[in-house]
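Residue numbers (this note's numbering): 1 to 359.
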Amino acid sequence: MKPLFRKVGIFGMGLLGGSVALGLKERFLAEEVHAYDRDPKALEKALFLGAADRVHPEVGPWVGELELGVLAAPVGALAGLGGAIAPFAHPESLWTDVGSVKGKVVGTLEGLLPHFLGGHPMAGSERAGVENAHAGLLQNAVWVLTPTERTSHKAREGIRGLVEALGAYPLEMPPLLHDELVARVSHLPYLLAVALNRLVAGHPHRDLLMFLAAGGFRDLTRVASGSPRMSRDMVVENKEALKGAIEELRAVLLELEGLLDEPEELLKAAEAAKRTRDSLPIVRRSLLPEMHDLVVQVPDRPGEIARIATALGEAGVNIKDIEVLTIREAAGALRLGFATREEKEAARRVLQKAGYRLP
């Protein structure tokens, strides 16, 4: 079967750029993948991981040989990168990006690069870098595409075909609408995670709060574990839409504060929130996939973690995340994360049958 593209360039070998490159390689969508990054270590890792066939520390004439280019640099660097690429780009080549802000980026890049269509895969991880990239990150992810009146038919068809071939779901909307919506479901939650962690860090009883922080707090603040610099750039680039979302949130919080004195009205608000949360469409891959946590009390003796992992593995239950919570002379505890509620309950049954105590 002939690949979709002969030569593809990935400009920025981080988590998303590396995942796109690995998807191209594993699905045989490109004959040759070229990687560009200003960090030589990132290029070394890309070669070692098999994410690229050739690497380049500088933009140059090699760009003119590409049929497709994917800009995966931090969102604040995309305009400058596009300007550096433009003199070398072949006039019939396809171009897209994976930035989380689209208005300014699309407005700039579609005037610089031929057949450009902005994109934003709604996928990621709190673990940054090409070393954490994997093709499955994009599987079943919603991949927003932001065409404008200037978008060519070739770009629309070609980039949409790329997204579908990588196993993701293309969803089209105008660039500014994307920024408005993403500000509410992605960028505002990040600022909330930062705010909640700041509340804990600045409290006089910080150490006690750290021990009291349960699974709900961990889930709410998980996005704060991502790259601070990249997250900072993301929210700053979308600050206008985000400021509007913050004003809306401030009004909602004041409303909820008032409902603390009206228990029945607060119950109605909580029930409405539950209906909204329960009606969210299930997407296997999102910006940061939800984890279903289980805490296990573990005796302090050699091999216990291995025994737990073996018991779950033999039962066909996959552990997605693991964390040592406490170490004591007599016993400790592990937090095990699972992708689904069903796997969590299956793990509970296996471990209880094996004699472990679960709070």
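Yeah, the Cβ is synthetic: ideal placement off N, Cα and C, and Gly gets one too.
message: For Val-295 and Phe-211, I'd like the C-alpha separation in whole angstroms.
response: 13 Å
- prompt: What residues match up with Lys-7 in a beta bridge as DSSP calls it?
  reply: Glu-32
- request: May I ask you to report which of helix, strand or coil DSSP gives Gln-297?
  value: strand
message: Checking the sheet assignment: what are the DSSP bridge partners for Tyr-169?
response: Val-142
Check whether His-292 and Arg-341 have beta carbons under 8 Å apart: yes
message: Taking the straight line between their C-alpha atoms, what separation do you get for Leu-49 and Leu-29?
response: 17 Å
- prompt: Do Ser-93 and Glu-67 come within 8 Å of each other at the CB atom, strictly closer than that value?
  reply: yes
field: Run of the beta strand (DSSP E) containing Phe-116, from where it starts to where it stops
entry: 116-121
query: Which value, in whole angstroms, describes the spacing of the CA atoms of Leu-176 and Glu-237?
result: 12 Å
query: Is Phe-217 near the ligand ATP, judged by its Cβ being under 7 Å from some heavy atom?
result: Among the ligands in the structure shown, none appear at all, so the ligand ATP cannot be discussed.
field: Inter-residue spacing [alpha-carbon to alpha-carbon] between Arg-275 and Glu-265
entry: 15 Å
message: Quick check: the Cα distance between Ser-100 and Val-75, rounded to an integer number of angstroms?
response: 7 Å
- request: Give a yes or no on whether the C-beta atoms belonging to Leu-78 and Leu-109 are separated by under 8 Å.
  value: yes
- request: Pick out whichever of Asp-39, Asp-207, Ala-89 and Pro-121 has its Cα sitting closest to the Cα of Pro-61.
  value: Ala-89
message: Is it buried or exposed, Pro-204, if we count other Cβ atoms within 10 angstroms and call 16 or more buried?
response: exposed
query: So Asp-207 is in the beta strand (DSSP E); what residue range does that whole segment cover?
result: Premise fails: Asp-207 lies in the alpha helix (DSSP H), 206-212, not in any beta strand (DSSP E).
query: Of all the options Ala-339, Glu-271, Leu-312 and Lys-320, which has the alpha carbon lying nearest to the alpha carbon of Gln-352?
result: Leu-312
- prompt: When you compare each of Phe-338, Ala-333 and Ala-339 to Tyr-356 by their alpha carbons, which one comes out closest?
  reply: Ala-333
field: Through-space distance from Glu-65 to Ala-86, alpha-carbon basis
entry: 13 Å
- request: Name, in chain order, the residues that DSSP records as bridge partners for Thr-151.
  value: DSSP lists no partner for Thr-151.
DSSP-derived helix/strand/coil call for Asp-97: strand
- prompt: Are there 16 or more other CB atoms within 10 angstroms of the CB of His-153, so buried, or fewer, so exposed?
  reply: exposed
For Asp-97 and Gly-129, the rounded distance between their alpha carbons: 17 Å
- prompt: Can you tell me the Cα-Cα spacing of Ile-322 and Ala-354, whole angstroms?
  reply: 19 Å
- prompt: Along the chain, where does the beta strand (DSSP E) that runs through Val-236 open and close?
  reply: From DSSP, Val-236 is part of no beta strand (DSSP E) but of the alpha helix (DSSP H) over 228-237.
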